[in-house]
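Position 48, counted from 1, in the sequence shown is what my numbering calls 726; the numbers after and before it change by one each time, with no gaps. Think of the CB as a built atom: it goes at the ideal place given N, C-alpha and C, for glycine as much as any other residue. Contents: one structure, followed by commentary.
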Amino acid sequence: MLALGFNSPTLYAQDAYDGKLLRVAEVLGSLHYLRNLCGETASIWRDQMDAIIAAENPTESERLRLISGFNYGYRTFSENYIRCTPSALAAIDRYMKEGERLSNEIISRYGN
679 MLALGFNSPT LYAQDAYDGK LLRVAEVLGS LHYLRNLCGE TASIWRDQMD AIIAAENPTE
739 SERLRLISGF NYGYRTFSEN YIRCTPSALA AIDRYMKEGE RLSNEIISRY GN
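Right, dumping it as structure tokens:
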């Protein structure tokens, strides 16, 4: 009898990894908008997203999913903030911390 591994640990680990990576993309998009809104002129956050995509070498559908996540994060804040405010600065702080936590978690759980 053949058992299909729909609940296999490998599939679960891949789903967990993909979910965390997608969240990193959203965080980077958010930071790209907010940091530039508050005076940063570099494209470090977009460059980081490009580096992740290059390192991952994803399928086309996964690449588009990551780009969509980045754009979602960007749009979420661009629809709500038109100038740098204390609230925008607080969001930057939260997202910097979340991005660092996610990055460390991905490296410790899935890195080689």
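Here the stretch 766-775 makes contact with the stretch 700-716; the two share three or more CB pairs at distances below 8 Å. Distance from the CA of C762 to the CA of C716, rounded to the nearest whole angstrom, comes to 5 Å. Boundaries for Y759: no alpha helix (DSSP H) harbours it, and the DSSP string shows neither H nor E there. Collapsing the DSSP output to three states places P764 in a helix. Taking a 10 Å sphere around the C-beta of L742, we find fewer than 16 other C-beta atoms and assign the residue as exposed. Per DSSP, the unbroken alpha helix (DSSP H) holding E734 starts and ends at 722-734. Note that the C-beta distance between G707 and R753 is below 9 Å. Contact annotation, A703 with L744: C-beta distance approximately 5 Å; criterion of less than 8 Å satisfied.
Residue state for E718 is assigned as coil, using DSSP reduced to three classes.
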